[in-house]
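Please read the structure below before turning to the comments.
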Amino acid sequence: MYQALYRKYRSRTFDEVVGQDQVINSIKYQVKNSTVSHAYIFSGTRGTGKTSTAKILARAVNCEHPIDGNPCNECETCKSILRGTNLDVVEMDAASNNGVDDIRDLREKAFYPPSTSKYKVYIIDEVHMLSKGAFNALLKILEEPPKHLIFILATTEIERVPQTILSRTQRYTFKRISIDTISKNISEILAKEGKSIDEAGIDLIAQMADGSMRDAVSLLDRVVAINDNNISYDKIIEVLGVTTEDTLFELATSILNSDASSIIMSVANLADDGKDMMVLIDGIVSFFRNILIAKNLNYPRKIIRVRDMDRYVAIANAFSNSEILNIIKILSETKARSRYITNKRTMLEAALLEIVASRQDDILNRVENLERMLSSGDLSGLKAPKREKFEFNFAKKENPAAVEKPLAKEVVSEIIDDKVSNETKENVEKEIENEIPKDITEVPVDDQSDMNTIEKSQEDAAETDINAVETEETMETKADIDYSDNELQGIFNRAISILKERSERIISGMLVMGRLDSFENNVATIAFEEQGRSFYTTLNNHESIEKIESVLKELTNDNISVKFVVKSNRNVDSIKDRIENLFGKDSIK
C-alpha cells in the first residue's frame, strides 16, 4: 500500500526535525541529563513539528539505548511506540475528547505506574479545544503529578489555554519554517524519490506551504503523482491549480487602466478553468502583498520568492501604498463575507469593480480638491514633489549689469495677477520652483535679442486660446500642413476644457499634469514626468485615448492620434502654459 510522503519522511529523531533548533537543543539537553519536566506545552502553527517532536520525546525518555539524547528506534520499547502498541504512551485528540469526563478518565488511569516503560506519557493534541471543566480536571493532576508521568500538550492557539495550565508546564514555541529550509528539505526528498523539479517549482511549493513543512510535503506528494521524473514549473502550476503570474499581472494592469471589461473577462476565464474563487482571492491578495513588499523593500528577495522580481518592482511603482492596502482590504473583507454566500464569483467580480471605482473616486477627489484650492486661492494643501531646486542663469555675456534670476519666479511674477494675495503668490512661486526638475541643463542667453524672443514666446503662449484653432473650412484645405507650437498648445488647452465640460474630469484633470511634447505625422505626444507615471498609466488605454482623439477631431477636423509617454525632462517654455492650465486664464492676467 502506498504511504503518503508526509508519513514516510516524518522525523524519527530530534536531529531530523527541520527548522526548530531553538526547541530541539533544549529538549535534547534535558533528555541527556535526565532533567525532563513533568509537563510540556508545544505551540505554533500547523505543520511545524509539534506532534512529531512530542512522539520523539516520548520514545527518547523511554529508550533503552538513547544516542546523544535521541531515541535509537531499534530497541523493543522504541519499536512498540512506533507501531502504536505501547500501552504506556497514549496519544489523545482533545478536539474529539474535550469533555470533563474524558479528562477524569485519563486522570484515573494516569496514576497507575507504567507497565513496561520508564515513563507513562500522555500526548494531548489540540489541547485548546478542552472545555473549561476539562481544563480544571487536568489542572489537578498537573499540580501534583506522580513521578512516572509526563504530559506533552500541543496547540495551535496558545491564547486559548488558561494561564493556570501554562504556568505549570514548560512552554516551547515552534516557529514557521523559512522558505529556504522548506526548499532544501523538498530537494532532499526528491533526491530520495528519484524525481527532479526545477528550482522555480520547488520555490513555488515552499511559498504555498506558508511556513508548514507538512503542507509542503503534501503538496509535493500531489506533484510527484504525475509519475514524471522531470517535472516542469508549468506542470506544477497546472497540477496545484495555481493562478499564473501572467494572469495576475494582466489583472493588475486592468485595475490600473480602470478596464472593467477586461477584469470581468479575466474572472470568467479563471472560472471556466475551474479555479475556486476563494483560492483565487487568496492568490490575488498574496500577489498584491508581494507588490507591496517589492515597493517598500530595497531587497524584497529576502521576503518573497518570485521568478521575475524586476516585473514586480515595475508594477509596484505604478501603485501607491494606499491603493495596494485598499485592494488587500477590499478582497479580504470580500472573502470573509463570501463564506455565507453561494455565488462567490459575483462577490469577486463586485469586489474588483469596487476597487476600480474607489481608485477613480480617489483621483476625482484629488482633482476636485485641486480645483477648490485654485478657485479659493488657498494653496496650503498643495504639495509638490520634493526635489532639489534648480535655478536658471539668464545673465547676458555682453551685459555685465545683468543679474541671475530663477526662471520660475520670473514667469510667475509676470503672469500672476496683483489681486492674488502675497502669501498665495509666494506659495505659487515655491510650487513652480519645486516643479523644475534638477536634471535640466542651464540655458544661457547670449544677447538681448534672444531674451526678447523668449519673452515674446511667453506673451504669445499666454494669449493662445480657441482663436488659434482654425475653422473647419480652413483645416480641410491643409490636411497635411503642420501646426505651429502656439496653435497646438491652444488646441490642447481647449480640448482639456471641453473634456471638463463633458464631465470627463478624471481625463481633463490628468491631462493638465502632462505636457504637449511633440507633434509629428499627425501624432500628438503627451509626456508625463516620472512622478506622474500613475497619470500615464490611467490614461494610456483605448477608451481614454478615443475620447481625447474625438475632441481633437471636433476642434481640427483632422484625424490626430494621441500617444502618452513618460519623460524625466521637460521644456522650460511650457512652465507658463502649465500655470495657465492649473490656475485658468481668467484668474491670471
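In case it helps, UniProt numbering puts the sequence shown at residues 1 to 589.
Cβ atoms here follow ideal geometry from the backbone N, Cα and C, with glycine treated the same way.
*For threonine 342, write down the residues that DSSP places opposite it in a beta bridge.*
Paired residues: none, contrary to the question.
_Unbroken beta strand (DSSP E) run spanning serine 518, endpoints_ = 515-520
*asked:* Here's the rule: buried if 16 or more other CB atoms are within 10 angstroms of the residue's CB, otherwise exposed. What is serine 43?
replied: buried
*Figure out for me which residue from Phe151, Ser212 and Cys78 has the closest Cα to the Cα of alanine 110.*
Phe151
*State whether the stretch 41-61 contacts the stretch 7-27, with contact taken as three or more CB pairs (one from each stretch) at a distance under 8 Å.*
yes
*Endpoints, alpha helix (DSSP H) assigned at tyrosine 29*: 21-32
*For methionine 1, which of helix, strand or coil comes out of DSSP?*
coil
*Please name the residue in Thr53, Ser131 and Thr85 whose C-alpha comes closest to that of isoleucine 24.*
Thr53
*Around the Cβ of histidine 128, are there at least 16 other Cβ atoms within 10 angstroms (buried) or fewer (exposed)?*
buried
*Taking C-alpha atoms, which residue in Leu57, Val31 and His38 lies nearest to serine 11?*
Leu57
*Looking only at its own chain, which residues have a Cβ that is under 8 Å from the Cβ of isoleucine 236, when we skip the five neighbours before and after it?*
Ile197, Gly201, Leu204, Ile205, Val223 and Val242
*Counted within 10 angstroms of its Cβ, other Cβ atoms place arginine 339 as buried (16 or more) or exposed*: exposed
_Within the continuous beta strand (DSSP E) that includes glutamate 91, where are the two ends?_
89-93
_What would DSSP say about valine 242, mapped onto helix, strand or coil?_
coil
_Can you find the residues in the same chain that come closer than 7 Å, C-beta to C-beta, to residue 605, ignoring five residues on each side of it along the sequence?_
Residue numbering for the chain in the displayed model covers 1 to 589; residue 605 lies beyond these limits and cannot be assessed.
_Limits of the unbroken beta strand (DSSP E) element including valine 279_ = Premise fails: valine 279 lies in the alpha helix (DSSP H), 277-296, not in any beta strand (DSSP E).
_Count Cβ pairs between the stretch 160-169 and the stretch 125-139 that sit closer than 8 Å; are there 3 or more?_
yes
*Go ahead and pull the three-state DSSP assignment for leucine 130.*
coil
*Among Ser534, Ala191, Phe519 and Ile545, the one whose alpha carbon lies nearest that of isoleucine 496*: Ile545
*Cα-Cα separation, proline 113 to tyrosine 2*: 38 Å
*Go ahead and label arginine 359 buried or exposed: buried means 16 or more other beta carbons lie within 10 angstroms of its beta carbon, across all protein chains shown.*
buried
*Select from Arg337, Ile179, Ala225 and Asn343 the residue whose C-alpha is nearest the C-alpha of proline 306.*
One detail in the question is off: residue 306 reads as valine in this sequence, not proline. It is Ile179.
*asked:* I need the straight-line Cα distance from glutamate 554 to glutamate 520, nearest angstrom please.
replied: 19 Å
*Considering only residues of the same chain and omitting the five flanking positions on each side of valine 285, which have a CB-CB separation below 6 Å?*
Ile328 and Leu331
*threonine 155 lies in the beta strand (DSSP E); which residues open and close that run?*
149-155
_With a threshold of 8 Å, are at least 3 pairs of Cβ atoms found where one atom belongs to the stretch 278-293 and the other to the stretch 242-252?_
yes
*In this structure, does DSSP put serine 218 in helix, strand or coil?*
helix
*Could you check what DSSP says for valine 121 in three-state terms: helix, strand or coil?*
strand
*Around the C-beta of proline 71, are 16 or more other C-beta atoms found within 10 angstroms, so that it is buried, or is it exposed?*
buried
*For glutamine 170: DSSP bridge partner residues*: Tyr40
*Going by alpha carbons, who is nearest to serine 37 out of Pro146, Asp68, Cys78 and Lys8?*
Pro146
*Roughly how many angstroms lie between the CA atoms of tyrosine 536 and valine 566, to the nearest whole one?*
7 Å
*Burial state of valine 61 (16 or more Cβ within 10 Å)*: buried
*Does DSSP put alanine 524 in a helix, a strand or coil?*
strand
*asked:* Taking a contact to mean a Cβ-Cβ separation below 9 Å, would you say isoleucine 303 touches isoleucine 315 in this structure?
replied: no
*Please classify glycine 509: is it buried, with 16 or more other beta-carbons within 10 angstroms of its beta-carbon, or exposed?*
buried
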